[in-house]
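Going by UniProt numbering, the sequence shown opens with residue 1, and the numbers climb by one from there.
Where a beta carbon is used, it is the ideal one built from N, C-alpha and C, also for glycine.
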Amino acid sequence: MARGDLKKFGVNSFDAVDTDDNGAINFNEFEKWYKKTQHETSDAKIKNIFHKYDVSRDQTLEVAEFVPLAYEISRKPVDTAEEIFRRMDLNHDGTIDLNEAAIARKEHGTG
């Protein structure tokens with residue numbers, strides 16, 4: 001994702017989370033959004049994530065604090081898919097042949 005696209009993505013996401021339109025995301029707004037989009041229910045984990053990105057320690061997330069979080073979340077499915085591919089590509093040739101696919105299916109009980 002290009003830098004300009006990233007900023008646009010983060011700002012658009014920010015606006016969707018900042019439901020009271022005050023220019024900052026409070027913990028309640030963040031918690032509601034995070035539970036809905038990430039299907040996370042652990043209150044402790046959600047608090048830790050919020051505090052990790054609240055670098056100003058003002059109990060809110062401004063756009064500059066939220067954009068890196070939005071980017072990290074958007075990357076997770078890509079990172080997961082790449083990791084699965086790397087594990088299946090047993091000979092590391094950049095492709096998954098029928099034999100590698102069959103081995104992966106057998107190892108994961110799907111074949």
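- Residue pairing of I25 in beta bridges, as defined by DSSP: L61.
- Rounded to the nearest angstrom, the gap between the Cα atoms of W33 and K52 is 16 Å.
- Taking a cut-off of 8 Å on C-beta distances, the region 50-65 does not touch the region 82-94, as fewer than three cross pairs fall below it.
- Judged by DSSP in its simplified three-state form, V55 adopts coil rather than helix or strand.
- Going by C-alpha positions, A16 is about 40 Å away from A104.
- Under the three-state reduction of DSSP, T37 is assigned to helix.
- Of the residues assessed, F85 falls on the exposed side of the cut-off, its CB having fewer than 16 other CB atoms within 10 angstroms.
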